[in-house]
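To start, the structure itself, in structure tokens.
Following this line, the structure appears as structure tokens:
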């Protein structure tokens, strides 16, 4: 019977929920020990608060259990947010960090797994996502250098789909850029313009027309994870 090679990365899709939770918690404990402290404060604090409120109401057990469950939920939320921040910190400036961030898009977004444009000289990347706000082009590279790559693709897309809004978002830590950890929330807050059916039709048309893609630089998937298929399918 063949055994798994421990040196190979484990596919998260093949891990159980508990195994995923344990892996994230283990990573977070090493990268951000204070996150664990805040998780414990939330869990213990809300549990104690529930017990005290329950004692005042004459139902310490029931309200205490409710406080524990609320504390557990808050602790998981803290873990998720701090783990996301720690992941981006570990990734740093490696190529493809925007593609990794876009995997977090849900609810009707179609995300290209690979860059739709690559600058052969600077290796700047351009990713594309299609959602109800329209076609969103997300750059990865320093400003203003990457702006030229984005403008070329924006004009090309606008010619193909003149009735669909084409939005350019610059991701990064510089002026006029959206930080990686806020990228998904930034896109999800954009005003919807087209319908869900149109999202699917626009995505199919863009994929059918194809893109003049160059070979993708190594490290384009910083976390060595397979693309989240749910994020690449419209809902």
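In UniProt numbering, the protein residues as written are 1 to 235. We treat Cβ as the ideally placed atom computed from N, Cα and C, and that holds for glycine.
{"Check": "Are three or more beta carbon pairs between the stretch 31-50 and the stretch 71-85 nearer than 8 Å?", "Outcome": "yes"}
{"Check": "Let me know the secondary structure DSSP gives residue 128 once reduced to three states.", "Outcome": "strand"}
{"Check": "How close, in whole Å, do the beta carbons of residue 41 and residue 54 come, if the pair is a contact with beta carbons under 8 Å?", "Outcome": "Contact doesn't hold; Cβ gap of about 20 Å is too wide."}
{"Check": "Would you identify the three-state DSSP class for residue 137, choosing helix, strand or coil?", "Outcome": "strand"}
{"Check": "Is the separation between the beta-carbon of residue 98 and that of residue 209 shorter than 9 Å?", "Outcome": "no"}
{"Check": "Is the separation between the beta-carbon of residue 165 and that of residue 194 shorter than 9 Å?", "Outcome": "yes"}
{"Check": "Here's a check: name, in chain order, each residue in its chain whose Cβ is nearer than 7 Å to the Cβ of residue 29, leaving out the five neighbours to either side.", "Outcome": "36"}
{"Check": "Taking all protein chains shown into account, do 16 or more other C-beta atoms lie within 10 angstroms of the C-beta of residue 205, making it buried, or fewer, making it exposed?", "Outcome": "exposed"}
{"Check": "Ignore the nearest five residues each way along the sequence and tell me which others in residue 25's own chain have a CB closer than 7 Å to its CB.", "Outcome": "79"}
{"Check": "Considering only the beta carbon of each residue, do residue 187 and residue 109 sit closer than 9 Å?", "Outcome": "yes"}
{"Check": "Report the three-state DSSP secondary structure of residue 213 (helix, strand or coil).", "Outcome": "Since pLDDT at residue 213 reaches only 47, below the 50 mark, its modelled position is unreliable, and the value read off the structure follows with that caveat. In this structure, residue 213 counts as coil in the three-state DSSP scheme."}
{"Check": "Taking its Cβ as the centre, do 16 or more other Cβ atoms sit within 10 Å of residue 57, making it buried, or is it exposed?", "Outcome": "exposed"}
{"Check": "Checking the sheet assignment: what are the DSSP bridge partners for residue 170?", "Outcome": "139"}
{"Check": "Please report the distance separating the alpha-carbon of residue 82 from that of residue 32.", "Outcome": "8 Å"}
{"Check": "Could you give the first and the last residue of the continuous alpha helix (DSSP H) run that contains residue 38?", "Outcome": "33-57"}
{"Check": "By how many angstroms is the C-alpha of residue 67 removed from the C-alpha of residue 126?", "Outcome": "46 Å"}
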